[in-house]
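*Asks:* Questions regarding the structure given below will be posed in turn.
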Amino acid sequence: MSTPQIHLETLPRSIQLVMTLGFLALAAFPFVGSDFYSAMVVRMMILAIFAMSLDLLQGVTGLVSLGHAAYFGLAGYVLAFITPQNEAISLYTSLPLAVGGAALAALVIGFLVVRTHGIYFIMVTMAFAQMVFFIFFDNKALGGSDGLFLNFRPDAGVIDLENKQVFYYFTLGCLLAVYGFLRRLLWSPFGRALSGIRVNEHRMRALGFNTFSHKLAAFTLAGALAGLAGYLWAAQSGFVNPELMGFHMSAHAIMMVILGGMGNFAGAIVGALSFEYLLHIFKDLPDVGEFKTGKHWQMWMGLFIVALIIFAPKGILGVISRTFGGSAERKESGHE
Amino acid sequence: MSDHSMQRQSLMSARGLTKRFGGLAAVNDVSLDLWLGHIHAVIGPNGAGKSTLTNLLSGDLPPTSGTITLDGHNITGWTPEKISGHRLGRSYQKTNIFTTFSVWDNVRLAAQSRVQPSPFNPLGWFRSAAKMTAVNQRAERAIELAGLQNRRHAMAGATSHGEQRQLEIAMTLATEPLVLLLDEPLAGMGQAEAESMVQLLLRLKKDHAMMLVEHDIDAIFTLADHLTVMVNGQVIASDVPAVVRADAGVQAAYLGEETHATVGEEH
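So the sequence lines, in the order shown, correspond to chains A and B. Heads up: the first sequence is residues 3 to 338, going by our numbering. Heads up: the second sequence is residues 5 to 271, going by our numbering.
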């Protein structure tokens, strides 16, 4: 029994095909791409995990968090703190600690913020993220504004994460696992309840759902998955700084989710990859005379996002399903 | 007060219920009982406080003073979700559904509320909601009771006004309540739809304690076992319908003009 899809929750065939081809392309990329571009794609995949974690709040539950980078950055910092100077730390202890730390922070902050609605939710999530940012930014003991270096990637036993190729496929594996998990969760009783909260929270409460605990669980889980992304980011780059939990990081994640299309996780992946690719293009724009076109990449990105929201409010996935069709799009005639 | 209140089990009762919005007492010192197997109708002109009373009983609004008991529990100040969990179901005067979901998904979600696993339990994240057999059965029953069998796949927001009213009832029934608070279920319905709704309410009466807020006087005299008349937030009469009908005060304050108004609307 499918739901009419304002958010393309049921992916049309065209999008399923795009996703399958996309995953195959990601799997094949290290064989054709240079090291430079492979590292870039790893970063894209990590951001895709981050964007999916935000989509659980933004697209599925209808909670727009402007402070989601806090959990991304925190997990990265946890890894940086617990990695010794002279040797690697086991993945099997550091990953649970980093993800658990991010989840705990999300649980505590979530307990305070998920009571609020709409614009207030946006403001308090941002306020808490800014607090976290400045705690790290202003404290030399926590790395200060310069951040911290990691000398070793986590030790995963037989999986040699110091190897670039291995790390690539490890990240791709995480991406697929998170995507599969969240798609499954979307159709679970928990996922259906979150969807109901997005559409009509008042009625959910009248039906007997404890919407507070559902939103808190979603917030915590989203924080944990953002933490996984942040952990991978720190492991890959060997470096963490407060920018990872900064306002721009949070805002970029929101744009990624909107760019791809909200509420189905596929859009978050497409959005994250496209966003990073566009960023790369805009930053590399050739100078026109004295005008440094590439320096103003934020302006081009801004214009692009504005144009997208006007012409394709359902993001890239919306364009794909409208152009190539598929079963879900036709049923869609509703509005919220 | 007539003797039926003595014979029946009062499932829900309100005592001295008051709700003030600033200086205005929208509900002022209202006491009432809902009995199993009875329909307790509440009537009154617009602004009499009927919807506010419903919101107080369902926990959508906290009362300023007074107490509410439900099935032996003092539920004053409880959240709507907790009250719902103690088998109170309500429908809304202004249709309050999941407009972008199908009719089936609306009712299925309502039925799911009865067995909702803790959102923090990871095992629940991997289950398929569509394969919860008991939930599907409960939803199916509610869909059939409300007569929406042929509209399962329609998007709720795209169905007719009457169907949305039926959906309101189906969602409420899917939570398998003992106490039903129905806020103008007949509002805006066509004659045939209203007739089948009246039949449904008569069928539901046996196993439920029901409060029915309604404007349709004919329906009320068909359905109600007990009738409470509210004006300006206060109860001005509360008794079996025949006694209320004969009450001179009620006639003056309300019934006469409203009957004319209803007849006038229908023609």
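Note that beta-carbon positions come from the ideal geometry of N, C-alpha and C, so glycine has one too. Being a predicted model, the structure only gives us computed values, none of them experimental.
Just the C-alpha distance for glycine 159 of chain A and phenylalanine 211 of chain A, rounded to the nearest angstrom, thanks.
*Replies:* So the two alpha carbons sit approximately 44 angstroms from each other.
*Asks:* Kindly indicate if chain E contains any beta-carbon less than 8 angstroms away from that of methionine 193 of chain B.
*Replies:* You won't find chain E in this structure, because its protein chains are A and B.
*Asks:* What does a CB cutoff of less than 7 angstroms around threonine 173 of chain A pick up in its chain, not counting 5 residues either side in sequence?
*Replies:* Counting only Cβ-Cβ distances below 7 angstroms, and skipping sequence neighbours, we find Val44, Met47, Ile48, Leu234.
*Asks:* Could you tell me which chain A residues have their CB closer than 8 angstroms to the CB of isoleucine 101 of chain B, listed as they occur along the chain?
*Replies:* Ordered by position in chain A, the residues that pass the 8 angstroms Cβ test against isoleucine 101 of chain B are Asn202, Arg205.
*Asks:* Which chain A residues sit within Cβ distance under 8 angstroms of proline 121 of chain B?
*Replies:* Under the 8 angstroms cutoff, chain A gives Pro191, Phe192.
*Asks:* Where does phenylalanine 313 of chain A land, buried or exposed, given buried means 16+ other C-beta within 10 angstroms?
*Replies:* With fewer than 16 other Cβ atoms within 10 Å, it is exposed.
*Asks:* Do we get a CB-CB distance below 8 angstroms when we pair serine 215 of chain A with the residues of chain B?
*Replies:* Chain B contact via Cβ: present.
*Asks:* Residues in the same chain with beta-carbon distance under 6 angstroms from glycine 93 of chain B, minus the five sequence neighbours each way, listed in chain order, please.
*Replies:* The residues are Thr176, Thr179, Pro181, Leu184.
*Asks:* Going by beta-carbon coordinates alone, are alanine 236 of chain A and leucine 81 of chain A separated by less than 8 angstroms?
*Replies:* A contact, by the Cβ cut-off of 8 angstroms.
*Asks:* Tell me whether histidine 230 of chain B sits in a helix, a strand or coil according to DSSP, three-state version.
*Replies:* Histidine 230 of chain B falls in the strand class under three-state DSSP.
*Asks:* Would you check if the distance between the CB atom of threonine 80 of chain B and the CB atom of threonine 22 of chain B is smaller than 8 angstroms?
*Replies:* Against a cut-off of 8 angstroms, the Cβ pair of threonine 22 of chain B and threonine 80 of chain B comes out as no contact.
*Asks:* Report the three-state DSSP secondary structure of alanine 293 of chain A (helix, strand or coil).
*Replies:* Correcting the residue identity first, residue 293 of chain A is phenylalanine in this sequence and not alanine. Note: phenylalanine 293 of chain A maps to strand in three-state DSSP.
*Asks:* Could you pull out every residue in the same chain whose Cβ sits closer than 7 angstroms to the Cβ of glycine 303 of chain A, ignoring the five residues on either side in sequence?
*Replies:* As written in the sequence, residue 303 of chain A is methionine, which differs from the glycine given in the question. Excluding positions up to five away in sequence, the list reads Leu280, Leu281, Phe284.
*Asks:* Return yes when the Cβ of alanine 71 of chain A is within less than 8 angstroms of the Cβ of alanine 131 of chain A, no when it is not.
*Replies:* Yes, the pair counts as a contact, with Cβ atoms nearer than the cut-off.
*Asks:* In terms of DSSP beta bridges, what is valine 201 of chain A paired with?
*Replies:* Its beta-bridge partners do not exist; DSSP assigns none.
*Asks:* List the DSSP bridge partners of histidine 44 of chain B.
*Replies:* B/Met215, B/His230, per the DSSP bridge assignment.
*Asks:* State the CB to CB distance for the pair arginine 4 of chain B and glutamate 167 of chain B, rounded to an integer number of angstroms; the pair is presumed to be in contact (CB under 8 angstroms).
*Replies:* Lying before the first or after the last residue shown, residue 4 of chain B is absent from chain B, which here runs from 5 to 271.
*Asks:* I'd like to check one pair, leucine 190 of chain B with methionine 214 of chain B: are the Cβ atoms closer than 8 angstroms?
*Replies:* No. Outside cutoff.
*Asks:* Whose C-beta lies closer than 8 angstroms to the C-beta of glycine 253 of chain B among residues of the same chain, with five residues either side of it excluded?
*Replies:* The answer, listed in chain order, is Ile240, Ala241.
*Asks:* By Cβ distance, which residues of its chain are closer than 8 angstroms to lysine 210 of chain B, with the 5 residues on each side in sequence left out?
*Replies:* Result list for lysine 210 of chain B: Gly41, in chain order.
*Asks:* Using 10 angstroms around the beta-carbon of proline 156 of chain A, count the other beta-carbons present and answer buried if the total reaches 16, otherwise exposed.
*Replies:* That one is buried.
*Asks:* Going along the chain, which residues of its own chain have a beta-carbon closer than 6 angstroms to the beta-carbon of glutamine 255 of chain B, five neighbours each way excluded?
*Replies:* Nothing listed; no residue qualifies.
*Asks:* What residue range does the beta strand (DSSP E) around leucine 277 of chain B cover?
*Replies:* Here chain B comprises residues numbered 5 to 271, so residue 277 of chain B is not present and cannot be evaluated.
*Asks:* Below 7 angstroms on C-beta distance, what does alanine 219 of chain A contact in chain B?
*Replies:* Those within 7 angstroms of alanine 219 of chain A in chain B are Pro123, Phe124.
*Asks:* Considering Cα atoms alone, identify which of B/Gly70, B/Lys98, B/Ile224, B/Gly63 is closest to lysine 86 of chain B.
*Replies:* Looking at the Cα atoms, B/Gly63 is the closest of the given residues.
*Asks:* Give a yes or no on whether the minimum CB-CB distance between alanine 133 of chain B and chain A is below 8 angstroms.
*Replies:* Closer than 8 angstroms: yes.
*Asks:* Assuming glutamine 87 of chain A and asparagine 153 of chain A are in contact, meaning their beta carbons sit under 8 angstroms apart, how far apart are those beta carbons, in whole angstroms?
*Replies:* Indeed, because the Cβ distance is near 6 angstroms, the residues count as touching under 8 angstroms.
*Asks:* Indicate the three-state DSSP secondary structure (helix, strand or coil) for phenylalanine 154 of chain A in the structure shown.
*Replies:* Note: phenylalanine 154 of chain A maps to coil in three-state DSSP.
*Asks:* Counting only Cβ-Cβ distances shorter than 8 angstroms, please list the residues of the region 186 to 212 of chain B near chain A, keeping chain order.
*Replies:* Going along the region 186 to 212 of chain B in chain order, one finds no residue with a Cβ nearer than 8 angstroms to chain A.
*Asks:* What residues of chain A sit near glycine 89 of chain B, judged by a beta carbon separation below 7 angstroms?
*Replies:* The contacting residues are Gly210.
*Asks:* Using a 10 Å radius around the Cβ and a threshold of 16 neighbouring Cβ atoms, would you call valine 119 of chain B buried or exposed?
*Replies:* Classification of valine 119 of chain B: exposed, given that the 10 Å Cβ count is below 16.
*Asks:* Quick check: lysine 166 of chain A and serine 36 of chain A, are their CB atoms within less than 8 angstroms of each other?
*Replies:* Taking 8 angstroms as the Cβ cut-off, lysine 166 of chain A and serine 36 of chain A do not qualify as a contacting pair.
*Asks:* From the DSSP output, in three-state form, read off lysine 23 of chain B for me.
*Replies:* Looking at lysine 23 of chain B - three-state DSSP - the assignment turns out to be strand.
*Asks:* Straight-line CA distance for isoleucine 370 of chain A to glycine 229 of chain A?
*Replies:* Within the shown structure, residues of chain A are numbered from 3 to 338, placing residue 370 of chain A beyond reach of any answer.
*Asks:* Check distances from the C-beta atoms of the region 163 to 190 of chain A to those of chain B and list, in chain order, the residues that come in under 7 angstroms.
*Replies:* For the region 163 to 190 of chain A, which is checked against every Cβ of chain B, the residues closer than 7 angstroms are Arg186, Leu187, Trp189, Ser190.
*Asks:* Return the bridge partner residues of aspartate 243 of chain B from the DSSP annotation.
*Replies:* B/Leu231.
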